[in-house]
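Numbering (UniProt numbering), first residue to last: 1 to 112.
Ideal Cβ positions, reconstructed from N, Cα and C, are used throughout, including at glycine.
As the structure is a computational prediction, the values presented were derived from the model and not from experiment.
Since the structure comes first, as structure tokens, the remarks are kept for the end.
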């Protein structure tokens, strides 16, 4: 079964969920704020997709960080920041068991 990771009030997540539901595609939604986020899952995302694909440096959350938090950014430091502030993670992340898809692009989403 598909698993969508994100935050329920995110506009991109809402669009992706609506798109899947309109096509009657079953999925489970994992909300970082409700269901949590552990280091192993986040590290899996980073290992599979790359840090640049997972860390949203254009987000409001990123802009609100202190300069010290943003400077000298290593992969480990970035993971710790995303664990502390899950809104730094690009959303949604869709997991079909074989691949991860970041963001909502209907051309990349499953049709069944």
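Beta-carbon to beta-carbon, residue 7 and residue 33 are separated by about 6 Å, close enough to satisfy the 8 Å threshold. Fewer than three pairs of CB atoms, one per stretch, sit closer than 8 Å, so the segment 92 to 109 makes no contact with the segment 57 to 65. Here the C-alpha atom of residue 94 lies approximately 27 Å from the C-alpha atom of residue 70.
No Cβ-Cβ contact shorter than 8 Å links residue 2 with residue 40. Spanning the alpha carbons of residue 101 and residue 68 requires a straight line of approximately 31 Å.
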